[in-house]
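Participant: Questions regarding the structure given below will be posed in turn.
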Amino acid sequence: MIRACRSGPRRRSLSWWRLILRFHAIRLLPLLVLAVALLQRPWPCKASAPEHAAASPPERALEASLDRSPAAFGTRITLTLHTRLPAGASVPTPPRISGLEGLTECSRRIEADRITLTFLVDQLDTWRTGPLRLDYEDADGTLRTLSAPPASVEVLSVLGGKPEEAQPRPIADIIPGRAAWMRTLPWAAAALAVAALGAGLVWWLRKRRCSDIAAEALPPPHVRALTDLQALTASGLYESGAVKAFYFRFSEVLRRYVEDIRSFPAAEMTTEEIARQPLSTLDRDLLPLLRQADLAKFAGHRPTPAAKEAALEAVRGYIHQTSPAPEAAP
């Protein structure tokens, strides 16, 4: 009985604490349920960020890229213009592109998001464009412009690693080929040879007659050369900036005149091949003029107006000194 009395108050104390804990647990149960529900719900900020980024319109831009670097002189190089336009914008046809002035364009292909252009590498040291600008029309028809920095590429010399030590070489002759059917058809070849001989004889007789008539009708070489120089001066090619075209025609007139009065085909020779011919002192004075024309034609050299006029006067003087003296009047 004593042991039962002692344990009675302890049991009542434990029951009292259990009632208190159950009461507080019942009050905290809704808060625990709400916390679990919030933890299981997706986080709204992380889910909406990509959607917001995808909904934003793309930034307009123009990017330029080249298909190679470096590039060899005389080859072709491809410039690609990648465009990113706002919704509803379009590039007019044909595209208006700035920064390509002075470059030799070979082809152009226009696609939805890019423009592909092919150029000839005809510049020394570095091939480069200017600052690139492309005009486009936005959705309401307003003309706007995209821009990109210049594109450039190093140009490899065709003279090798040490161009200052390179020496010009003559052009190799064409090696003729031999047709295989010629070995199997000797009789047909003989018949063709006889027919060709007869036709050639008739052609030679007619050509000789026509040549005599043409020689009487054509002006002398010095008159024709002076007339061509006068037409070249009046064309205004040099003044309009077409320096290469001017010196191509200048060199052609001079070489054709030398061929007409000398015994070698100067119009088909290089300047170094002409220099190896048996020339007189007067003829050798033309070599600096031909070399200056070669620099203008192939190396982008631009002689001054004074140098151009001096070259024209020198050629006129050479023509007057090598032309036949006028016949004295009876």
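Numbering (our numbering), first residue to last: -3 to 326. Every residue gets a Cβ at the ideal spot worked out from N, C-alpha and C, and that includes glycine.
Grouping DSSP H, G and I as helix and E and B as strand, with all else coil, what is residue 93?
Facilitator: Looking at residue 93 - three-state DSSP - the assignment turns out to be strand.
Participant: In this structure, how does DSSP classify residue 83 when only helix, strand and coil are distinguished?
Facilitator: Three-state DSSP puts residue 83 in coil, outside helix and strand.
Participant: Give me the DSSP bridge partner(s) of residue 282.
Facilitator: Looking at the DSSP assignment, residue 282 forms no beta bridge with any residue, so it has no partner.
Participant: Compute the Euclidean distance between the alpha carbons of residue 309 and residue 318, then round it to the nearest angstrom.
Facilitator: Each residue's Cα considered, the two are about 14 Å apart.
Participant: Check whether the segment 186 to 203 and the segment 276 to 289 are in contact - that is, three or more C-beta pairs closer than 8 Å.
Facilitator: Segments in contact, no.
Participant: Distance, Cα to Cα, residue 56 vs residue 298?
Facilitator: Distance between the alpha carbons of residue 56 and residue 298 is about 41 Å.
Participant: Look at the alpha carbon of residue 311 and the alpha carbon of residue 250, and state the distance between them as a whole number of angstroms.
Facilitator: Going by the C-alpha atoms only, they are around 7 Å apart.
Participant: With the cut-off set at 8 Å, would you say residue 262 and residue 255 are in Cβ contact?
Facilitator: Yes, the Cβ-Cβ distance between residue 262 and residue 255 is below 8 Å.
Participant: Can you tell me whether residue 11 is buried or exposed? The criterion is at least 16 other CB atoms within 10 Å of its CB, across all chains shown.
Facilitator: Exposed.
Participant: Can you tell me whether residue 139 is buried or exposed? The criterion is at least 16 other CB atoms within 10 Å of its CB, across all chains shown.
Facilitator: Residue 139 should be labelled exposed.
Participant: With residue 115 as the anchor, note down where its beta strand (DSSP E) starts and where it stops.
Facilitator: Counting along the chain, the beta strand (DSSP E) containing residue 115 begins and ends at 110 to 116.
Participant: Since residue 132 is in the beta strand (DSSP E), which residue starts that stretch and which ends it?
Facilitator: Note, residue 132: beta strand (DSSP E), 128 to 133.
Participant: With respect to 7 Å, is the separation between the Cβ of residue 57 and the closest non-hydrogen atom of the ligand FMN below this value?
Facilitator: This structure does not include the ligand FMN; it has no bound ligands of any sort.
Participant: Does the segment 61 to 80 come close enough to the segment 140 to 148 that 3 or more CB-CB pairs lie under 8 Å?
Facilitator: They touch, by the three-pair rule.
Participant: Within a Cβ cutoff of 7 Å, which residues of the same chain sit near residue 257, ignoring the five residues on either side of it in sequence?
Facilitator: The residues are 217 and 318.
Participant: Tell me which residue opens and which closes the beta strand (DSSP E) that residue 142 is part of.
Facilitator: Taken as a continuous stretch (DSSP letters only), the beta strand (DSSP E) holding residue 142 covers 139 to 144.
Participant: Along the chain, where does the alpha helix (DSSP H) that runs through residue 269 open and close?
Facilitator: 267 to 271 is the span of the alpha helix (DSSP H), which, as asked, contains residue 269.
Participant: Counting beta carbon pairs with one atom in the segment 106 to 121 and one in the segment 27 to 34, are three or more of them shorter than 8 Å?
Facilitator: Touching, no.
Participant: I believe residue 125 touches residue 99 by the beta-carbon criterion, under 8 Å. Please report the beta-carbon distance rounded to the nearest angstrom.
Facilitator: Yes, they are in contact, since the Cβ atoms of residue 125 and residue 99 sit about 7 Å apart, within 8 Å.
Participant: Just to confirm my understanding: we take residue 333, look at its own chain, exclude 5 residues before and 5 after, and list those with CB closer than 7 Å. What are they?
Facilitator: With the chain covering -3 to 326 only, the question about residue 333 has no answer from this structure.
Participant: Can you give me the C-alpha to C-alpha distance between residue 239 and residue 196, rounded to a whole angstrom?
Facilitator: Going by the C-alpha atoms only, they are around 44 Å apart.
Participant: Throw me the rounded Cβ distance for the residue 327 and residue 120 pair, which I believe falls under 8 Å.
Facilitator: Outside the displayed range of the chain (-3 to 326) lies residue 327, so it cannot be described from this structure.
Participant: Measuring straight from C-alpha to C-alpha, what distance separates residue 288 and residue 79?
Facilitator: Taking the straight line joining both Cα atoms gives about 44 Å.
Participant: Helix, strand or coil, according to DSSP, for residue 218 in the structure here?
Facilitator: Three-state DSSP puts residue 218 in a helix.
Participant: Within 10 Å of its beta-carbon, does residue 171 have 16 or more other beta-carbons around it, so buried, or fewer, so exposed?
Facilitator: Flag for residue 171 reads exposed.
Participant: Once DSSP output is grouped into helix, strand and coil, what is the label at residue 297?
Facilitator: Residue state, collapsed to three classes: coil.
Participant: At which residues does the beta strand (DSSP E) containing residue 247 begin and terminate?
Facilitator: It is not in any beta strand (DSSP E) - residue 247 instead sits in the alpha helix (DSSP H) that spans 239 to 257.
Participant: For the beta strand (DSSP E) containing residue 105, name the first residue and the last one.
Facilitator: Element bounds for residue 105: 100 to 106.
Participant: For residue 76, which of helix, strand or coil comes out of DSSP?
Facilitator: Strand at residue 76.
Participant: Suppose the cutoff is 6 Å on Cβ atoms and the five residues either side in sequence are ignored; what does the same chain contact list for residue 71 look like?
Facilitator: Result list for residue 71: 117, in chain order.
Participant: To the nearest angstrom, how far is it from the Cα of residue 410 to the Cα of residue 241?
Facilitator: The shown model of the chain, from -3 to 326, leaves out residue 410, and the question about it has no answer.
Participant: Alpha carbons only, please: which of 136, 264, 215 and 303 is nearest the one belonging to residue 83?
Facilitator: The candidate whose alpha carbon is nearest that of residue 83 is 136.
Participant: Rank 75, 133, 161 and 94 by C-alpha distance to the C-alpha of residue 115 and give the top, closest one.
Facilitator: Considering only alpha carbons, the answer is 75.
Participant: Hey, how far is the Cα of residue 237 from the Cα of residue 67?
Facilitator: When rounded, the distance between both Cα atoms is 27 Å.
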